[in-house]
Amino acid sequence: RARRWTLLVCALAVAVLAYDLAFWAHLDRTDVLGSDFSASYIAGTVWLHGGNLYDQALEIARHTALIPSGYHVDLPFITPPLTAVLVAPLTALDLPTAYRVFSLLQLLLLAGAVVVAVRAAPWPASTGPWLKRAAVLAALAGAGAWRLLLLGQWDGLSALSLALAYASWRRGDRGRAGAWLMGGALIAKPHLAIGLAVWLLAQRNRRALAGAAAGIAAVLAATLLLAGPAAIGGWIGSLRLSAGHSLPSTLSGLTGLFGSWIASDAAVQVLAAAGSVLALGACWLLGDRARRRPGLLEPSLAGATALSLLAAPHALTHDLALLAPALVWTAAWVACRPAAHRGLLVLLAGWVLLDVAARHQLDDAITTAPGRLVPLLLVAGAAAAAHACGLRLPGRRAATAAAVPLPSG
1 RARRWTLLVC ALAVAVLAYD LAFWAHLDRT DVLGSDFSAS YIAGTVWLHG
51 GNLYDQALEI ARHTALIPSG YHVDLPFITP PLTAVLVAPL TALDLPTAYR
101 VFSLLQLLLL AGAVVVAVRA APWPASTGPW LKRAAVLAAL AGAGAWRLLL
151 LGQWDGLSAL SLALAYASWR RGDRGRAGAW LMGGALIAKP HLAIGLAVWL
201 LAQRNRRALA GAAAGIAAVL AATLLLAGPA AIGGWIGSLR LSAGHSLPST
251 LSGLTGLFGS WIASDAAVQV LAAAGSVLAL GACWLLGDRA RRRPGLLEPS
301 LAGATALSLL AAPHALTHDL ALLAPALVWT AAWVACRPAA HRGLLVLLAG
351 WVLLDVAARH QLDDAITTAP GRLVPLLLVA GAAAAAHACG LRLPGRRAAT
401 AAAVPLPSG
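Numbering follows the working numbering, with no gaps: position 177 of the sequence shown is 177.
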């Protein structure tokens, strides 16, 4: 029976992947020229010519010259400076070809992240190859991978650094784990790793923290050497533009959840900030629990990843790609538990619900009930991870304690 389930998951995942790749292959030239990657491509050309990476007027002028007349584009360059340097070699190609190469590269990096996770995860000795294949294919068939491919986004790199950090942690190499986790995040998507940084701090492991500091220092040194201090200042100045570039109701984090319920931007920001503080507090609790009980690494880190996406000031559908390696290592952990078959079905159901919700709403402005579904499902996933780690609400803990009879005297 279990074999039939894994074969069914593999078949459906392959079908979804085939559809996603066909959809990507048939994008027209206008969609390619207006992709998110195009902003990095333009920034790469600006860097090669010694220009100011964060001169948005210059970026838009160069971008407008490449697109058909009458087509409007509003894609400011707001990622860290090193991304422009990394893309610069692709500017030897025309933009459509460079987009295809970059999108496939990011998908391959995401596939690499999933493979790293499946090899490092604690699968039971009795696990057959088909369960691992089903986990890999399901992870790559998610909406995050699809949007990553379509938009030419950077989440493949971020997912790989997360997976390498997990694998290093599993091997006991805390220093390298910290370097991969924080250094990798700083290259392209530091705003998605705030919760992960809190999780790492809660570990209170000197080697991990030293590794994180070394990783951050290495990325900053490379940025200073290749892009210069002005680029770092320009990027910091662009953070305000990044936070306000998308409507709140289009986002996949807590800002998007409250933005889909409330019309007042000020109220949305206050509620999102309060919710993010709670999410970061939960990341600390998960990290502390994994420190005390190392066998809870998988649900702890997976929950922190979901919470980090919720707390991010700017998270969109393609950023769900970070959950792909987390799905794999969580599947391995669940497979080691009692009633593993039921647990794996619950995990699969949650992943499918997240995928359907993400594909249905995408990054559209949602202002009707029940609001944005992806943040709600991320909250549910984080709550499940917290439950797996033995975390309970104070009221429930007190009620449980009251229900236990005291020994007589």
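We put the CB at the ideal spot given by N, CA and C, even for glycine.
In this text the structure is predicted, and so the values were computed from the model without any measurement.
The C-beta of threonine 97 has fewer than 16 other C-beta atoms within 10 Å across all chains shown, which makes the residue exposed. Going by beta carbons, alanine 306 and glycine 259 fall outside the 7 Å limit. Here phenylalanine 77 carries a coil assignment [DSSP, helix/strand/coil].
Ranked by how close their Cα comes to the Cα of arginine 240, the residues Arg337, Trp5, Ile366 and His191 have His191 in first place.
With a beta-carbon spacing of about 5 Å, alanine 365 and threonine 250 fall inside the 8 Å limit used to define contacts.
Ranking Asp319, Gly350, Pro370 and Thr330 by CA distance to the CA of tryptophan 146 puts Asp319 first. Distance from the Cα of leucine 53 is smallest, within the candidate group Leu201, Ser40 and Arg392, for Ser40. Counting every other CB atom within 10 Å of its CB across the protein chains shown gives histidine 63 a total of 16 or more, marking it as buried. The beta carbon of leucine 327 is closer than 7 Å to those of Ala135, Ala138, Ala139 and Trp351 in its chain, skipping five residues each way along the sequence. For glutamine 361, the uninterrupted alpha helix (DSSP H) run begins and ends at 340-361, by DSSP. Counting of Cβ neighbours within 10 angstroms places proline 81 among the buried residues, the total reaching 16 or more. In this structure, leucine 181 lies near alanine 165, with their beta-carbon atoms less than 7 Å apart.
Excluding sequence positions up to five before and after leucine 271, its CB lies within less than 6 Å of the CB of Phe258, all in the same chain and listed in chain order. When C-alpha distances from leucine 373 are compared across Ala384, Ala383 and Gln361, the shortest belongs to Gln361. Given a length threshold of 4 residues, each whole run of the alpha helix (DSSP H) inside the stretch 127-170 is given here in chain order: 129-140, 143-151 and 155-170. Put simply, the backbone Cα of alanine 311 is about 28 Å away from that of proline 122.
Pairwise C-beta distances place the stretch 223-237 out of contact with the stretch 334-346, as fewer than three of them are shorter than 8 Å. Secondary structure of tyrosine 54 (DSSP, three-state): coil. Nearest to aspartate 20 by alpha-carbon distance, out of Ile216, Gly233, Thr30 and Gly142, is Gly142.
For isoleucine 236, the closest of Ala384, Phe77 and Trp154 by C-alpha to C-alpha distance is Phe77. Looking at Asp363, Ala331 and Ala57, the one whose alpha-carbon comes closest to that of threonine 127 is Ala331. By the Cβ test, the stretch 108-115 is not in contact with the stretch 270-284, since fewer than three Cβ pairs between them sit closer than 8 Å. Rounded to the nearest whole angstrom, the C-alpha separation of arginine 174 and leucine 344 is 29 Å. In the three-state scheme derived from DSSP, where H, G and I count as helix and E and B as strand, arginine 291 is classed as helix. Nearest C-alpha to leucine 93 among Leu58, Ile60 and Ile42: Ile42.
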